[in-house]
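Novice: Could you have a look at this structure, given as structure tokens, before my questions?
In our numbering, the protein residues as written are 7 to 117.
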């Protein structure tokens, strides 16, 4: 049906938008999303630039939430403490704004 094809096309476009934006952010990489509405972002290059007590990804996510008002999921929830997970199952402007905040957070960490 056309509805399903339109949805698939929409999510592929959204995925491409997210990946293009992530490609422009320094000091991270990511696992390319093939069928999911979320991306695992590798933040391990930021480990030695970032102060944390216990879990790296939880501390990273807490700082991101408290200082940049961006909620992402710590990778430790999936057994991957070097990662965070973001969803792009939302409005384009919303996740692009979120990725701008992530970028600013990372730039501040690396100063």
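Beta carbons: idealized from backbone N, C-alpha and C, even for Gly.
(1) Identify every residue that forms a DSSP beta bridge with residue 91.
(2) Between residue 28 and residue 45, which are expected to be in contact by the criterion C-beta below 8 angstroms, what is the C-beta distance as a whole number of angstroms?
(3) If you drop the 5 nearest sequence neighbours on each side, which residues of the same chain put their C-beta closer than 7 angstroms to that of residue 48?
(4) Classify residue 104 as buried or exposed, calling it buried when 16 or more other Cβ atoms lie within 10 Å of its own Cβ.
(5) List the endpoints of the continuous alpha helix (DSSP H) containing residue 37.
(6) Name the residue from 16, 19, 50 and 18 whose alpha carbon lies nearest to the alpha carbon of residue 112.
(7) Three-state secondary structure (DSSP) at residue 112?
(8) If I follow the unbroken alpha helix (DSSP H) through residue 65, where does it start and stop?
(9) Residue 59 by DSSP, collapsed to three states: which one?
(10) Could you give the first and the last residue of the continuous alpha helix (DSSP H) run that contains residue 28?
(11) When DSSP labels each residue in this structure, what does residue 99 get in the three-state scheme?
Specialist: Let's see:
(1) 46 and 79
(2) 7 angstroms
(3) 34, 35, 36, 88 and 89
(4) buried
(5) That residue, residue 37, is in no alpha helix (DSSP H); its beta strand (DSSP E) goes 35 to 37.
(6) 50
(7) helix
(8) 62 to 74
(9) coil
(10) 8 to 29
(11) helix
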